[in-house]
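Undergrad: Can you read through this structure? Questions will come right after.
In the working numbering, the protein residues as written are 22 to 317.
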């Protein structure tokens, strides 16, 4: 059993963690030909010049430049970070039908950044972008259906939107869809999950790497292989995935596929806890109560 056993002197088979990812900021600005220079400047980290390039274009109503300014203000690259200003520029571009801006403004509503949190508005914006074929919006819209945010919960529609993005090669969609196929949502298909996680992991996505680790650790569609699991958890954890950090911490705590090391378990739990992972916080509290010599 992969459960947290409280009231005992040790943690037994700490539960494995798989997180559903969302896509908030597009991986690449979808620029028109005359805005390529701004995109190139942003991509190379020359944010000040990107700002100077985009500012006059945005002020004349260029949607791509408006989106670019929103991205600068949201990330704080080249300007002081300001979510309110970011959402204002995103909105201008979104109202012109730019899918990447619609998706990103939707994420701001979903997370209450620069605007009041509003799942209904988020879903509406994600849908507009997804219907234009924006794969990032397809992933985000699928999450709304999976968890019933802004819409009635509908696993079938969640799968439909993930399949669209997955078929387009999006690694986050592939790992999320793989996660659905190993979840408790009644759609188990370990063979499909393994294929999707592998495709995602091959692109370096930590969600896919963590997913493969879980399949190795639980013996889903393959023999149980703790060493294989720990290896995949490490790849994902080193990219900052809190779910993988928890799983790698648990591998160290239990000596599962890796040499037992409580100090390293605490190290990885802390990294996940610093990102707000509740499971990691619970494990750290438990260890502090039962391993007082390791406190601090």
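Idealized CB from N, CA, C, for every residue including glycine.
(1) To the nearest angstrom, how far is the alpha carbon of residue 87 from that of residue 109?
(2) Roughly how many angstroms separate the alpha carbons of residue 183 and residue 172, rounded to a whole number?
(3) What runs of the alpha helix (DSSP H), each 4 residues or longer, lie entirely inside the segment 272-300?
(4) Does the beta-carbon distance from residue 85 to residue 119 come in below 8 Å?
(5) What residue range does the alpha helix (DSSP H) around residue 243 cover?
(6) Name the two residues that bound the continuous alpha helix (DSSP H) containing residue 91.
(7) Could you check whether residue 192 and residue 226 sit closer than 8 Å to each other, using their CB atoms as the reference points?
(8) Does DSSP put residue 174 in a helix, a strand or coil?
(9) If you draw a straight line from the alpha carbon of residue 250 to that of residue 258, how long is it in whole angstroms?
(10) Run through the segment 173-211 for me and flag every whole alpha helix (DSSP H) of 4 or more residues, listed as ranges in chain order.
(11) Note down, in chain order, each residue of its chain lying with its Cβ closer than 7 Å to the Cβ of residue 292, except the 5 sequence neighbours on either side.
(12) Straight-line CA distance for residue 131 to residue 206?
(13) Where does residue 213 fall in DSSP's three states?
(14) Using three-state DSSP, classify residue 106 as helix, strand or coil.
(15) Taking a contact to mean a Cβ-Cβ separation below 8 Å, would you say residue 129 touches residue 147 in this structure?
(16) Check whether the Cβ atoms of residue 150 and residue 117 lie closer than 8 Å to each other.
(17) Going by C-alpha distance, which of 275, 140, 72, 160 is nearest residue 95?
(18) For residue 65 and residue 83, I'd like the C-alpha separation in whole angstroms.
(19) For residue 281, count neighbouring C-beta atoms within 10 Å of its own C-beta (all shown protein chains included) and say buried if the count is 16 or more, exposed if not.
(20) CA-CA distance, residue 163 and residue 290?
(21) Should residue 301 be labelled buried (16 or more other beta-carbon atoms within 10 Å of its own) or exposed?
(22) So, helix, strand or coil for residue 61, using DSSP?
(23) Give the range of the alpha helix (DSSP H) segment to which residue 312 is assigned.
(24) Rank 78, 253, 168 by C-alpha distance to the C-alpha of residue 219 and give the top, closest one.
(25) Whole angstroms are fine: how far does the CA of residue 74 sit from the CA of residue 99?
(26) Specify the secondary structure class of residue 100 as computed by DSSP and reduced to three states.
(27) Could you check what DSSP says for residue 262 in three-state terms: helix, strand or coil?
(28) Output the boundary residues of the alpha helix (DSSP H) element that contains residue 119.
(29) Could you check what DSSP says for residue 226 in three-state terms: helix, strand or coil?
TA: If we stick to the structure as given:
(1) Straight through space, the alpha carbons of residue 109 and residue 87 are spaced by roughly 9 Å.
(2) For residue 183 and residue 172, the distance between alpha carbons rounds to 16 Å.
(3) If only uninterrupted alpha helix (DSSP H) runs of at least 4 residues are considered, those enclosed by the segment 272-300 are 283-294.
(4) Yes. Within cutoff.
(5) Looking at the DSSP string, residue 243 is not in any alpha helix (DSSP H), and its letter there is neither H nor E.
(6) Start and end: 84-96.
(7) In this structure, residue 192 lies closer than 8 Å to residue 226 by Cβ.
(8) Residue 174: coil per DSSP, three-state reduction.
(9) Taking C-alpha positions only, residue 250 is separated from residue 258 by approximately 12 Å.
(10) Unbroken alpha helix (DSSP H) stretches of 4 residues or longer found wholly inside the segment 173-211: 176-188, 192-202, given in chain order.
(11) Once the five neighbours on either side are set aside, the close Cβ partners of residue 292 are 266.
(12) Going by C-alpha positions, residue 131 is about 23 Å away from residue 206.
(13) Helix.
(14) The answer is helix: DSSP assigns residue 106 an H, G or I state.
(15) Their beta carbons are not under 8 Å apart, which means residue 129 does not touch residue 147 by this criterion.
(16) Their beta carbons are not under 8 Å apart, which means residue 150 does not touch residue 117 by this criterion.
(17) The shortest C-alpha separation from residue 95 is found at 72.
(18) Near 22 Å, if we compare the C-alpha coordinates of residue 83 and residue 65.
(19) With fewer than 16 other Cβ atoms within 10 Å, it is exposed.
(20) For residue 163 and residue 290, the distance between alpha carbons rounds to 29 Å.
(21) Taking all protein chains in view, the Cβ of residue 301 is crowded by 16 or more other Cβ atoms within 10 Å, so the residue is classified as buried.
(22) In the three-state reduction of the DSSP assignment, residue 61 falls in the helix class, which pools H, G and I.
(23) No alpha helix (DSSP H) holds residue 312; DSSP gives it neither H nor E.
(24) Closest by alpha carbon: 253.
(25) Computed Cα separation, rounded: 12 Å.
(26) The answer is coil: DSSP assigns residue 100 none of H, G, I, E or B.
(27) Note: residue 262 maps to coil in three-state DSSP.
(28) Note, residue 119: premise wrong, no alpha helix (DSSP H); not H, not E.
(29) In this structure, residue 226 counts as coil in the three-state DSSP scheme.
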